[in-house]
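Below is one structure, written out as structure tokens, with a few remarks after it.
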Amino acid sequence: MALDFMLAAAAAALLNIGLLGGIITTYIQNMRLIKSYFTIGLVLVASLFIVQNLVIVIFWSKLYIAGPSIKNIVDAAAPYLFSINTAQSAGLAVLLWITRR
Amino acid sequence: MPSERAFFPSLLDFSSIGLIGKIILALDDHSSSGGHYFDPRFKRVLWYIIGSTKGGVNRARILELINSHPANPNQISSELKLDYKTIIHHLSVLAENGLIITDNKESYGATYFLTPLMEKNYDSFVEILAKIGKK
Numbered sequence: 009m010a011l012d013f014m015l016a017a018a019a020a021a022l023l024n025i026g027l028l029g030g031i032i033t034t035y036i037q038n039m040r041l042i043k044s045y046f047t048i049g050l051v052l053v054a055s056l057f058i059v060q061n062l063v064i065v066i067f068w069s070k071l072y073i074a075g076p077s078i079k080n081i082v083d084a085a086a087p088y089l090f091s092i093n094t095a096q097s098a099g100l101a102v103l104l105w106i107t108r109r
Numbered sequence: 005m006p007s008e009r010a011f012f013p014s015l016l017d018f019s020s021i022g023l024i025g026k027i028i029l030a031l032d033d034h035s036s037s038g039g040h041y042f043d044p045r046f047k048r049v050l051w052y053i054i055g056s057t058k059g060g061v062n063r064a065r066i067l068e069l070i071n072s073h074p075a076n077p078n079q080i081s082s083e084l085k086l087d088y089k090t091i092i093h094h095l096s097v098l099a100e101n102g103l104i105i106t107d108n109k110e111s112y113g114a115t116y117f118l119t120p121l122m123e124k125n126y127d128s129f130v131e132i133l134a135k136i137g138k139k
């Protein structure tokens with residue numbers, strides 16, 4: 009069960025990267041036309057969110073190959089990370105919708 | 005002279021604000037230009053609609069055109085050389101966000117105008133407009 013949460017959390021992180029890819033594309037297009045702290049800031053924020061989700065995916069892959077030595081910790085943390093990533097997916101989906109509208 | 009603080013006078017108790025509140029108010033004071041006050045919250049909405057959405061620059065061009073003379077979607081489409089359906093979509097978004105208004109939405113040739121709020125805060129828009137296309 010914990011493994012399911014772990015894989016789902018990683019899948020949500022990958023989904024987040026995809027959503028952020030869509031968002032940052034628009035942000036970069038706008039930044040090329042409007043040079044301001046606002047447009048540059050948006051690109052920076054979206055970039056950092058991509059970094060965050062990449063780190064999450066790497067982190068979980070490391071845990072996945074770590075073996076049974078830290079199984080209890082992984083089992084306890086997996087549902088929470090799944091919740092965090094899924095909430096972020098929902099938020100980013102709304103942001104993408106607003107951005108592309 | 006209208007003040008940005010006059011919008012919600014009953015909601016703000018300036019005597020009891022903390023350090024962060026004072027900083028925000030100080031920043032707000034800097035957002036005025038040329039003796040004209042405008043609402044910084046409205047400016048943020050403008051920035052978001054123009055600077056962070058697909059087609060934001062075209063929306064800015066539409067606002068600029070409507071400010072110069074109220075126009076219907078056909079006129080806007082031909083003057084800006086943009087697809088009619090694209091114009092209709094942008095007009096819908098701008099109207100939903102309270103930036104423009106029309107006399108008759110159902111009519112084919114409905115004329116669009118800036119809302120009083122947009123007119124009042126037009127200086128904010130000019131500031132954003134000045135940054136479009138700058139390298």
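Which chain is which? The protein sequence lines are A and B, in order.
The numbering of the first sequence is this note's numbering, which starts it at 9 and goes up by one.
The numbering of the second sequence is this note's numbering, which starts it at 5 and goes up by one.
We put the CB at the ideal spot given by N, CA and C, even for glycine.
How would you call residue i, buried or exposed, if buried means at least 16 neighbouring beta carbons within 10 angstroms?
{"i": "residue 43 (chain B)", "result": "buried"}
{"i": "residue 98 (chain B)", "result": "buried"}
{"i": "residue 111 (chain B)", "result": "exposed"}
{"i": "residue 72 (chain B)", "result": "exposed"}
{"i": "residue 61 (chain A)", "result": "buried"}
Go ahead and pull the three-state DSSP assignment for residue i.
{"i": "residue 15 (chain A)", "result": "helix"}
{"i": "residue 56 (chain A)", "result": "helix"}
{"i": "residue 71 (chain A)", "result": "helix"}
{"i": "residue 112 (chain B)", "result": "coil"}
{"i": "residue 86 (chain B)", "result": "coil"}
For residue i, would you say it is in contact with chain B, using Cβ-to-Cβ distances shorter than 8 Å as the test?
{"i": "residue 36 (chain A)", "result": "no"}
{"i": "residue 55 (chain A)", "result": "no"}
{"i": "residue 22 (chain A)", "result": "no"}
{"i": "residue 58 (chain A)", "result": "no"}
{"i": "residue 25 (chain A)", "result": "no"}
{"i": "residue 52 (chain A)", "result": "no"}
{"i": "residue 32 (chain A)", "result": "no"}
Quick check: residue i and residue j, are their CB atoms within less than 8 Å of each other?
{"i": "residue 34 (chain A)", "j": "residue 58 (chain B)", "result": "yes"}
{"i": "residue 54 (chain B)", "j": "residue 69 (chain B)", "result": "no"}
{"i": "residue 30 (chain A)", "j": "residue 104 (chain A)", "result": "yes"}
{"i": "residue 77 (chain B)", "j": "residue 91 (chain B)", "result": "yes"}
Report yes or no: is there a C-beta of chain A within less than 8 Å of the C-beta of residue i?
{"i": "residue 128 (chain B)", "result": "no"}
{"i": "residue 30 (chain B)", "result": "Low local confidence applies: a pLDDT of 49 at residue 30 (chain B) is under 50, so the model's placement there is unreliable, with the coordinate-based value given in what follows. Residue 30 (chain B) does not count as touching chain A."}
{"i": "residue 1 (chain B)", "result": "The requested residue 1 (chain B) does not occur in the structure, where chain B is confined to residues 5 to 139."}
**Item:** Uninterrupted alpha helix (DSSP H) stretches inside the segment 44 to 76 of chain B (no shorter than 4 residues)
**Value:** DSSP runs (the alpha helix (DSSP H)) wholly in the segment 44 to 76 of chain B: 44 to 55, 60 to 72.
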